[in-house]
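Okay, structure first, notes after.
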Amino acid sequence: MTIRFYNTLSKQKEVFEPVTPGKVGIYLCGPTVYKPAHIGHMVGPVIFDTLKRFLVYNGYEVTWVVNITDVDDKLIAQANERGIPMSQVATEMTMDYLANLKSLGVDQIDQMPRATDYMKEIIAFISELIAGGYAYASGGDVFFDVLKDDDYGKLSNRSVDSQQGEGGEAASRKRSPGDFALWKSAKAGEPAWDSPWGPGRPGWHIECSAMSRGILGKTFDIHGGGLDLVFPHHENEIAQSESCHHQPMVKYWLHNGLMRAGSASGKVGGKSDRDTANAGAQAAAGAPGTEAGTAASTPPVGSTPSAASVPEEQATVDTKISRSKGAGGLADLIGRQGGDRLRFFLLRTHYRSTIVFSEEEVAEAGAGLDTFHRFFERYTRVTGEQFHELPAVSRRVAGEFDPGDDELAKEAQARRTAFLTKLDDDFNTGGAISELFDWVRALNKFVDQHQLEDQPASKAERVASLRRGVATLRELSAILGLFRAAPPKAKAGGDDALVGKLVQLLMELRADARGRKDFATADKIRLAMGAMGVVIEDRKGGTEWRVGS
RNA sequence: GGCUCCGUGGCCAAGUGGCUAAGGCAGUGGAUUGCAAAUCCACCAUCCCCGGUUCGAAUCCGGGCGGAGCCUCCA
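Here numbering that gives the first Met the number 0 is used: the first residue of the first sequence is 0, the next is one more, and so on.
Take a look at the structure:
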């Protein structure tokens, strides 16, 4: 097995070999905690959570760090707007972020350092850069001098002289426009930390250099983030760290594609007052040929009546999902679709591709997932075991076994190899998922052929084969972090016990009708219940029902 | 203007030089079912356009058209 990754730095796929054999350090740029997270913020965490699972499965000892930026201009603005301390904003939004990660099954993070907990290290780092001649203090601020860095721009393929640089009043204190702030002097009323250059706060990029060094070392294996961070954020991280250390900062730079809003109805974060006002203003000002006009002429991807009837929202159809435009609503989305569906939705596309988000697409992905859930129920009927409670083989080598003459086991090994080969090649989760579908179909077929739902006790050998096959499905899906728990079974009428009892009564009446071959009555009940969203399934072992999707 | 990326069936999406172009959703036909549901089987694309390289291209090169991102805060 050889794992390869596409490295943004070299712009090609490279064989993965950790700096230290057997160990992997991963740093993922985390959130600036000033507003509630939206689905776009979950792309990176879900991908890297899955990546860590895969690397651990391959036998590596992995340390995964996700930083929390809890001091920043946007946090200050938010705190002022709400009239509360910045730290309170940060705490609230961090809690929100963590809750969303949990819902999506992101539970592999080892450390989540906060910038404010690393002030000492940050200040030390800046001091080192000044001492090395790579940074200079200027009027209470400290800037990185990009002209001192020979290979500045190598990650994003930009030349220094093409940089426009940050504007604002700070620009006048820079030596060259491309210089960026390592330390920002505090204005009156702003949160501040003492430093050799006076009270202030860190610039955006330095925390990542300081924290990654502190936790993962001067050179570590994988640095991740969204493609939008390549420049300036990661470019500046490299500049800082490599100027300071004179050794490579990161061996493999992995960047995930960004998410875009696909349709009005799927617009991330719902519509806040600000978004609606903004969209309306754009639409009003949008003469033909303007940006708004162009956006409005694009057909909605997941066209729905509601989307078509709300033209002012179409001005935001093509807007990318960004913190400045979408807010909130992720918890509701998770509540409606479930974390597993969203996770699956994110993983079925290659991590470097753009994902166009719409809730219709999430639901469609969920329809595919249901195939697995149906099968798990089937497995329970045969064996009495719950799929999600099965132990998953957690190491790649341990999953290999001699299939002997067992045809199903032979196919299990073949599918497993195909699945892992897809992941080995630049972490192709979408391709790997197709193997899962192929495999579940084969397992269903096996149950069909041997009628394992009918008197399974008398078919011990076949059931044993099935178990082995399902163990492989469990092993592989666990790498993707899917099917960690049984999906919450929707109940008719929610938690209303009365509705549940009435459904049960209808079921009994229908069973009676079927018993006396009164199919007219039985069908009337089934069709009426179906119209209400209750799906009836008659089986040899008895009738089951579920709230369909 | 500079720098990237993308364009595969109705929709989503793998594949990036060579067997019959994965898989999912939707659809159609069949098996099964009292009828359904679930499941299984079958059918459903020559890869935006033009030109080139090659024995051979969805896959490489050039041009065109269309779309996205970054260059300012952004996962």
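Note that CB positions come from ideal geometry on N, CA and C, so glycine has one too.
Fair warning: this is a prediction, and the values are worked out from it, not measured in the lab.
1) Taking the beta carbon of ASN235 as the centre, do at least 16 other beta carbons fall within 10 Å, making it buried, or is it exposed?
2) Got a sec? Which residues, its chain only, sit under 6 Å from ILE580 by beta carbon, not counting five neighbours each side?
3) Is THR471 buried or exposed, if buried means 16 or more other CB atoms sit within 10 Å of its CB?
4) Between which two residues does the alpha helix (DSSP H) carrying GLY43 extend?
5) Quick check: the Cα distance between LEU526 and GLY541, rounded to an integer number of angstroms?
6) Grab me the residues of ARG483's own chain with a C-beta within less than 6 Å of its C-beta, minus the 5 sequence neighbours each way, in chain order.
7) Going by Cα to Cα distance, which pick from THR416, LEU407, ARG513 is closest to ALA463?
8) At what residues does the beta strand (DSSP E) containing GLN553 begin and finish?
9) Let me know if GLU474 comes out buried or exposed under the rule of 16 or more other beta-carbons within 10 Å of its beta-carbon.
10) With respect to the alpha helix (DSSP H) encompassing TYR378, which residues constitute its N-terminal and C-terminal limits?
11) Taking Cβ positions, are ALA36 and ASP95 nearer each other than 8 Å?
12) Contact check, GLN385 vs ALA485 under 8 Å by CB: the rounded distance?
13) In its own chain, which residues sit with a C-beta less than 7 Å from the C-beta of GLY202, not counting the 5 before and 5 after it?
14) Specify the secondary structure class of THR115 as computed by DSSP and reduced to three states.
15) If ARG394 sits next to GLY58, beta carbons under 8 Å apart, how far is it from one beta carbon to the other, in whole angstroms?
16) Tell me, please, whether the segment 222–238 touches the segment 22–38 by the rule of three or more beta-carbon pairs shorter than 8 Å.
17) Is the Cβ-Cβ distance between PHE143 and LEU154 less than 8 Å?
18) Rounded to the nearest angstrom, how far is the Cβ of GLN107 from that of LYS34, given a contact under 8 Å?
19) Which residue comes first and which comes last in the alpha helix (DSSP H) that contains GLU241?
20) For LYS147, I'd like the list of residues in its chain whose CB is within less than 8 Å of its CB, leaving aside the five on either flank, ordered along the chain.
21) Measure the C-alpha to C-alpha separation of ARG466 and ILE122 and round it to an integer number of angstroms.
22) Which two residues bound the contiguous beta strand (DSSP E) that contains LEU253?
23) Output the residue ranges of the alpha helix (DSSP H) runs that lie fully inside the segment 419–478 and measure 4 residues or longer, sorted by chain position.
24) With a floor of 3 residues, list each beta strand (DSSP E) that falls wholly inside the segment 157–233, ordered by position along the chain.
25) Let's test the definition: count the other Cβ atoms within 10 Å of the Cβ of PRO195 and tell me whether it reaches 16, buried, or not, exposed.
26) Given that a residue counts as buried once 16 or more other Cβ atoms are within 10 Å of its Cβ, and exposed if not, what is MET531?
27) Quick one: is GLU206 buried, meaning 16 or more other Cβ sit within 10 Å of its Cβ, or exposed?
28) In angstroms, rounded to a whole number, what distance separates the CA positions of ALA89 and GLU189?
29) Spatial neighbours of ARG513 within its chain, please: C-beta separation below 7 Å, excluding the five flanking residues on both sides.
30) Apart from the five residues just before and just after PRO198, which ones in its own chain have a Cβ nearer than 6 Å to its Cβ?
31) Measuring straight from C-alpha to C-alpha, what distance separates GLY529 and ILE535?
32) Determine the burial state of GLY383: buried for a count of at least 16 other Cβ atoms within 10 Å of its Cβ, exposed for fewer.
33) Note down, in chain order, each residue of its chain lying with its Cβ closer than 6 Å to the Cβ of ALA417, except the 5 sequence neighbours on either side.
34) Within 10 angstroms of the Cβ of LYS250, are there 16 or more other Cβ atoms? Answer buried if so, exposed if not.
35) Work out the CA separation of LEU505 and THR49 for me, nearest whole Å.
36) Could you tell me if VAL42 is buried or exposed, where buried requires 16 or more neighbouring beta carbons within 10 angstroms of its beta carbon?
Quick answer:
1) Buried, by the Cβ-count rule.
2) Residue 580 lies beyond the range of the chain shown here (0 to 548); nothing can be said about it.
3) By the beta-carbon neighbour count (other beta carbons within 10 angstroms, threshold 16), THR471 is buried.
4) 42–56
5) 18 Å
6) GLY104
7) LEU407
8) No answer is possible for residue 553: the residues shown for the chain start at 0 and end at 548.
9) buried
10) Counting along the chain, TYR378 sits inside the alpha helix (DSSP H) bounded by residues 358–382.
11) yes
12) Indeed, because the Cβ distance is near 7 Å, the residues count as touching under 8 Å.
13) Within the same chain, and ignoring the five residues on either side of GLY202 in sequence, the residues whose Cβ sits closer than 7 Å to its Cβ are PHE179, ALA180, LEU181, TRP182, LYS183.
14) helix
15) 6 Å
16) yes
17) For the pair PHE143 and LEU154, the CB atoms are not nearer than the 8 Å cut-off.
18) 25 Å between Cβ atoms; not a contact.
19) Segment 234–244, the alpha helix (DSSP H) holding GLU241.
20) The answer, listed in chain order, is GLY132, TYR133, SER242.
21) 57 Å
22) 249–255
23) For secondary structure counted as the alpha helix (DSSP H) over 4 or more consecutive residues, the segment 419–478 holds these complete runs in sequence order: 428–448, 459–478.
24) The qualifying runs are 179–184, 199–201, 219–225.
25) exposed
26) exposed
27) buried
28) 15 Å
29) Non-local C-beta neighbours of ARG513 in its own chain, meaning closer than 7 Å and more than five positions away in sequence, comprise ALA521, ordered along the chain.
30) ALA185, ALA191
31) Whole-angstrom Cα-Cα distance: 7 Å.
32) Using a 10 angstroms sphere on the CB of GLY383, the tally of other CB atoms stays under 16, which defines it as exposed.
33) GLU434
34) buried
35) Taken atom to atom, the span from the alpha-carbon of THR49 to that of LEU505 is near 44 Å.
36) buried
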